[in-house]
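In the UniProt record's numbering, the protein residues as written are 1 to 720.
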């Protein structure tokens, strides 16, 4: 269990004999030693999202909302009859849904078997041997594969030159995955965060490296962590999905741990980042719209942190460092999109910020990497990916257009800012990751053919613009098989998210390629509320602008049908987490546009959730959804689109929902209420006197005992 993970780790003892045995395993084939498990290393570079409640560089396709009510009735006062009744009703309802799912899923056994075999075949063909992101330190390369951390002495991996430093499975922690890795500057220590599939909190294990690696310390409930020096680690503690405390622990002769910083404002979330030149640690306190950064001097890590710029409402900023100057990625100034600015370390206030580079309109800054004499910006514009390489020596900017099939960046970690190249991968939902390198010396981009990956040649990519209700043009990315005829008769799967300024997840998925091969059309609707066209695109789809996202989605689906991509009776809509708001709203307003809906851990009861301020992150979420308690107009507006509130007797599409018992962000109780109300409305309509003989949609709920808010291991993901 997730609760047992920290306890188990506390008792770990790695003897010399144990690790001697494992160092002898280095000649065993890395890919056959351990049962295949999806890689979860999230160790990328500088995140530019408005609210960094995630690992830097990662893009999460789900809403950030807190563990609202949990998945079980939280009451403890058993003497209260009403509480006991509620708990009993909940258990009975849960049991009923599980029995219903078992009966329904049995009908699809043969189809499920065929699909699983096909997905596994594609996984082995395209993904299995790609490997995970590398962490480079000089000649040493650290990487994670299937729950093991390896050290290679070269930039290639074979069976003879790799050491195993850490293994989750051999420690009896097969249910845990590795979330982050941080290596100390002198490579004497390695900090690893381990996360159970059923928990939000991670446990940090500090290994002392050497011929026989040993566990030096175990810290529970850690979110982010960085080495300030060779033996001083800073980290943030996580409780109830909130990070507000920063602590420091030392591994010198006089070991000690102390509190360094506490955030008092519940709207703010704290994480830690280390500048690329390792000169400073940054303590970043961010709300959805506002930032404040404190600097820890890595040359004097015991000195009190220094404030860069006091928080100013509406101004987001992140910090890098180069040559005694702070490079500031910020929304300060007009327009309120990201700009790269700089200021002296000694006078870092906003009045001293000087513009270095401003993004073009409707351009999304995905990430930024700082090197000795260069800075690389990873950009999206109208669905096209670009690199902008800024030279601090020649004061020039070079823009490099990337292959048109690419939809997503997957950055690799570059701990050394003096490296001569920047490595990253490009991918799309139907294209496996391909590795590229940009060389600063040769000033060119090259594809790195580490392994021979078959090229997808039969998939066509189309980019469309749908005109929304207010004339705004909304991008759509469409994939289909080039050999398909009569596309209006083919099934169409539409994807939507539209919240938190986060892009739709468009990384490679084996099941998407399987659908293409079987004649499906895939469409990704980049509606307002997401971040595909910059920060304004998000602002135009949140709070009082939330209906824009619904209008955008409606316009996208109608345009797809008009252009001959399928038709309503062959159209399905897929959404996860906060994407459930728009998908659920469309089911209420325009059910005739779609035949089926697939929802994963959906957020479908916005109004009731936002009324409960005692829940951990409700106050923080007001910057996305509004505050219905303080503003009656806001309350009425949320009620006008909230999926749960607007269910009514009418012909609905069939709905398949996956929910998780251990989901701390989307409470299972709310999903259960939604399903019950939806079924009743569909049945009431079908049984009405004027609607005799009407088709009754399937409304199916699959409650997963494992997994936590869309965060699944490979096998659980495959089963789903």
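Heads up, the beta-carbon is just placed ideally off N, CA and C, and yes, glycines get one too.
Cα-Cα separation between residue 178 and residue 141, rounded to whole angstroms
Within the chain shown, residue 178 is the residue found at index 178, counting from 1. Within the chain shown, residue 141 is the residue found at index 141, counting from 1. Approximately 17 Å between the Cα atoms of the pair.
Between residue 225 and residue 182, is the Cβ-Cβ spacing less than 8 Å?
Walking along the chain shown from the start, residue 225 turns up at place 225. Walking along the chain shown from the start, residue 182 turns up at place 182. A contact, by the Cβ cut-off of 8 Å.
With a Cβ-Cβ cutoff of 8 Å, do residue 594 and residue 659 count as a contact?
For the purposes of this step, residue 594 is taken as residue 594 along the chain shown, with counting starting at 1. For the purposes of this step, residue 659 is taken as residue 659 along the chain shown, with counting starting at 1. For residue 594 and residue 659, no; Cβs fall outside 8 Å.
Enclosing beta strand (DSSP E) for residue 678 [first to last residue]:
Working through the chain shown from its first residue, we reach residue 678 at position 678. Not the beta strand (DSSP E): residue 678 falls in the alpha helix (DSSP H), residues 668–687.
Short Cβ contact (8 Å threshold) for residue 247 with residue 260:
The sequence position of residue 247 within the chain shown is 247, counting from 1. The sequence position of residue 260 within the chain shown is 260, counting from 1. Yes, these two residues count as a Cβ contact at 8 Å.
Cα-Cα separation between residue 383 and residue 162, rounded to whole angstroms:
Position 383 of the chain shown, counted from the start, is the residue given in the question as residue 383. Position 162 of the chain shown, counted from the start, is the residue given in the question as residue 162. Going by the C-alpha atoms only, they are around 39 Å apart.
Check whether the segment 285–302 touches the segment 618–625, taking contact to mean three or more Cβ pairs, one atom from each stretch, closer than 8 Å.
yes
So, helix, strand or coil for residue 244, using DSSP?
Working through the chain shown from its first residue, we reach residue 244 at position 244. In the structure shown, residue 244 sits in a strand (DSSP, three-state: E or B).
Measuring CB to CB, does residue 385 end up less than 8 Å from residue 409?
By one-based count along the chain shown, residue 385 stands at place 385. By one-based count along the chain shown, residue 409 stands at place 409. Yes. Within cutoff.
For residue 391, which residues does DSSP report across the bridge?
As a working mapping, residue 391 is identified with position 391 in the chain shown. The partner list for residue 391 (beta bridge, DSSP) reads 374 and 396.
Assuming the contact rule is C-beta atoms closer than 8 Å, residue 417 and residue 370 should be a hit. Round their C-beta distance to whole Å, please.
What you label residue 417 is simply residue 417 of the chain shown in a count that begins at 1. What you label residue 370 is simply residue 370 of the chain shown in a count that begins at 1. Indeed, because the Cβ distance is near 6 Å, the residues count as touching under 8 Å.
Out of 216, 611 and 642, which has the shortest C-alpha to C-alpha gap to residue 630?
Here residue 630 refers to the residue found at position 630 of the chain shown. Ranking 216, 611 and 642 by Cα distance to residue 630 puts 611 first.
Quick check on the burial criterion: 16 or more other C-beta atoms within 10 angstroms. Buried or exposed for residue 505?
By 1-based counting over the chain shown, the position of residue 505 is 505. Residue 505 should be labelled buried.
If we ignore side chains and look at the alpha-carbon of each, how far apart do residue 186 and residue 400 end up?
Numbered from its first residue, the chain shown carries residue 186 at position 186. Numbered from its first residue, the chain shown carries residue 400 at position 400. Roughly 35 Å separates the two Cα atoms.
Report all residues from its chain with a CB closer than 6 Å to the CB of residue 507; omit the five preceding and five following residues, and keep chain order.
Walking along the chain shown from the start, residue 507 turns up at place 507. Only 408 and 427 meet the Cβ criterion.
How would you label residue 235, buried or exposed, when you count the other beta carbons within 10 angstroms and need 16 or more for buried?
As a working note, residue 235 is residue 235 in the chain shown. Flag for residue 235 reads buried.
Note down the Cα distance separating residue 679 from residue 651, rounded to an integer number of angstroms.
By one-based count along the chain shown, residue 679 stands at place 679. By one-based count along the chain shown, residue 651 stands at place 651. Between residue 679 and residue 651, the C-alpha separation is close to 11 Å.
Taking all protein chains shown into account, decide if residue 32 is buried (16 or more other Cβ within 10 angstroms of its Cβ) or exposed.
Here residue 32 corresponds to residue number 32 of the chain shown, with the count starting at 1. With a pLDDT of 28 at residue 32, under the threshold of 50, the predicted position of this residue should be treated as unreliable, and no value is reported.
Applying the criterion that 16 or more other CB atoms from any shown protein chain within 10 Å of the CB defines a buried residue, is residue 52 buried or exposed?
As a working mapping, residue 52 is identified with position 52 in the chain shown. Low confidence applies here, because residue 52 scores a pLDDT of 31, under 50, leaving its location unreliable; read the following figure in that light. Looking at its Cβ environment, which holds 16 or more other Cβ atoms inside 10 Å, residue 52 is buried.
Check residue 120 in the structure and name its three-state DSSP category.
To locate residue 120, count along the chain shown from 1; it is residue 120. Correct three-state label for residue 120: helix.
From residue 125 to residue 460, what does the alpha carbon distance come to, in whole angstroms?
Position 125 of the chain shown, counted from the first residue, corresponds to residue 125. Position 460 of the chain shown, counted from the first residue, corresponds to residue 460. Cα to Cα, residue 125 sits roughly 20 Å from residue 460.
Taking 8 Å as the threshold (C-beta atoms), are residue 232 and residue 250 in contact?
As a working note, residue 250 is residue 250 in the chain shown. As a working note, residue 232 is residue 232 in the chain shown. A contact, by the Cβ cut-off of 8 Å.
Is there contact between the segment 553–566 and the segment 464–482, where contact requires at least three CB pairs shorter than 8 Å?
yes
Compute the distance between the beta-carbons of residue 490 and residue 516, then report whether it is under 8 Å.
Within the chain shown, residue 490 is the residue found at index 490, counting from 1. Within the chain shown, residue 516 is the residue found at index 516, counting from 1. For residue 490 and residue 516, no; Cβs fall outside 8 Å.
Taking contact to mean 3 or more Cβ pairs, one atom from each stretch, closer than 8 Å, check whether the segment 304–324 and the segment 339–349 are in contact.
yes
Cα separation between residue 709 and residue 600?
On the chain shown, residue 709 is found 709 positions in, with the first residue counted as 1. On the chain shown, residue 600 is found 600 positions in, with the first residue counted as 1. Roughly 8 Å between the two C-alpha positions.
So who's on the other strand from residue 258, going by DSSP bridges?
Sequence index remark: in the chain shown, residue 258 carries index 258 (1-based). DSSP lists 248 as partners of residue 258.
Drop a sphere of 10 angstroms on the beta-carbon of residue 430, count the other beta-carbons inside from all chains shown, and report buried for 16 or more, exposed for fewer.
Residue 430 sits at position 430 when you count from the first residue of the chain shown. Residue 430 is buried by the Cβ-count criterion.
Rounded to a whole number of angstroms, what is the C-alpha to C-alpha distance between residue 214 and residue 293?
By one-based count along the chain shown, residue 214 stands at place 214. By one-based count along the chain shown, residue 293 stands at place 293. So the two alpha carbons sit approximately 34 Å from each other.
When burial is assigned at 16 or more other CB atoms within 10 Å of the CB, is residue 335 buried or exposed?
For the purposes of this step, residue 335 is taken as residue 335 along the chain shown, with counting starting at 1. Exposed: under 16 other Cβ atoms inside 10 Å.
Identity of the residues DSSP links to residue 309 by a beta bridge
Reading the chain shown from its first residue, position 309 is the one you call residue 309. According to DSSP, residue 309 bridges with 293.
Does DSSP put residue 511 in a helix, in a strand, or in coil?
On the chain shown, residue 511 is found 511 positions in, with the first residue counted as 1. Three-state result, residue 511: helix.
So, with DSSP's three-state summary, where would you put residue 338?
Translated into positions along the chain shown, residue 338 becomes position 338. If DSSP states are grouped into helix, strand and coil, residue 338 belongs with coil.
Which residues in the same chain as residue 648 place their Cβ atom closer than 8 Å to its Cβ, once the five residues preceding and following it in sequence are excluded?
Locating residue 648 in the chain shown gives position 648, counting from the first residue. Closer than 8 Å at Cβ, skipping near neighbours: 588 and 681.
What ranges does the beta strand (DSSP E) occupy inside the segment 160–221, keeping only unbroken runs of at least 3 residues that lie completely in it?
162–167, 176–183, 189–196 and 202–208
Could you round the C-beta distance between residue 411 and residue 392 to whole angstroms and report it? I think they count as a contact, below 8 Å.
Here residue 411 refers to the residue found at position 411 of the chain shown. Here residue 392 refers to the residue found at position 392 of the chain shown. Contact flag wrong, Cβ pair sits at about 20 Å.
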